[in-house]
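For reference, the structure is listed below as structure tokens.
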């Protein structure tokens, strides 16, 4: 059973922009009886692992949250949300599951939303990916690629999957992402619980500019994450 807890990370100490506050308001509206837990420098040990220590010292807040999110999910259980996720309806009917995630694209598993019971096997295995990993600011990789690679090894593939429900259920793109990062077009359906709006703060400024420009021009630009995926050998 997944507890009614929503986790999010806010490291660096800067005030939250209105866009973040707006998205958090949707969590409160759609999940009014959930406990919302913010994790930051005041309540989380940013030196407990050499990866997060390195990311924190480099002030790479998005990568700090990469480790923190799975650690707190393992400790407490619940649902982790990126601060650019808009919630459209309650997750109540999914809380009887062991763990769930959703697809970001045809080949990649999203990490903007990760849900698990306390001490769940899937988040335990994901957390273990960071045990001997050091943060490299020049080549940091992404948690999307790490989760995708890990799930491929554990269950043999990625994509909509209900056959490994004791470990994790992987839902289709429209359930939790519903936004094409290549085109910027939101594709909501009756099955959509949340929309990921892709602020992509972890990307360098020129990649964010490239993405925004492609959206303005209406030209798909899927090569940004694909470049990372090919580099790590998980894009086919």
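Residue numbers (this note's numbering): 1 to 236. Virtual Cβ for every residue (Gly too), placed ideally from N, Cα, C. These figures come from a predicted structure and were not determined experimentally.
Inter-residue Cα distance where the pair is residue i and residue j
i	j	result
residue 209	residue 199	Because the pLDDT of residue 209 is 39, which lies under 50, any placement of that residue in the model is unreliable, and the question is left without a value.
residue 16	residue 52	22 Å
residue 108	residue 145	7 Å
residue 92	residue 193	11 Å
residue 122	residue 71	12 Å
residue 13	residue 83	14 Å
residue 129	residue 66	11 Å
residue 64	residue 46	8 Å
residue 44	residue 61	13 Å
residue 69	residue 9	7 Å
residue 87	residue 189	13 Å
residue 34	residue 4	5 Å
residue 186	residue 103	14 Å
Residue span of the beta strand (DSSP E) that contains residue i, given as start and end
i	result
residue 100	99–102
residue 194	194–196
residue 167	Careful: residue 167 lies outside any beta strand (DSSP E) and carries neither H nor E.
residue 130	It is not in any beta strand (DSSP E) - residue 130 carries neither H nor E in the DSSP assignment.
residue 8	5–9
Nonlocal neighbours in the same chain, by C-beta distance under 7 Å from residue i, ignoring five residues either side
i	result
residue 124	74
residue 29	none
Neighbourhood of residue i by C-beta, 6 Å cutoff - its chain only, sequence neighbours within 5 removed
i	result
residue 135	51, 54 and 55
residue 112	82, 85 and 196
residue 19	none
Contact under 7 Å by Cβ, residue i with residue j
i	j	result
residue 79	residue 6	yes
residue 1	residue 117	yes
residue 196	residue 168	no
residue 77	residue 99	no
residue 31	residue 105	no
residue 181	residue 172	no
N-terminal and C-terminal residue of the alpha helix (DSSP H) that residue i is part of
i	result
residue 37	Element bounds for residue 37: not the alpha helix (DSSP H) but the beta strand (DSSP E), 35–39.
residue 149	143–155
residue 20	18–30
residue 175	173–176
Neighbourhood of residue i by C-beta, 8 Å cutoff - its chain only, sequence neighbours within 5 removed
i	result
residue 205	For residue 205, the predicted structure reports a pLDDT of 38, less than 50, and the residue's modelled location is therefore unreliable. A value from the coordinates is still provided. Closer than 8 Å at Cβ, skipping near neighbours: no residue.
residue 37	5, 6, 7, 8, 72, 76 and 78
- [ ] Counting only runs of 3+ residues fully inside the stretch 51–128, write out the beta strand (DSSP E) ranges in chain order.
- [x] 78–81, 85–87, 99–102 and 113–116
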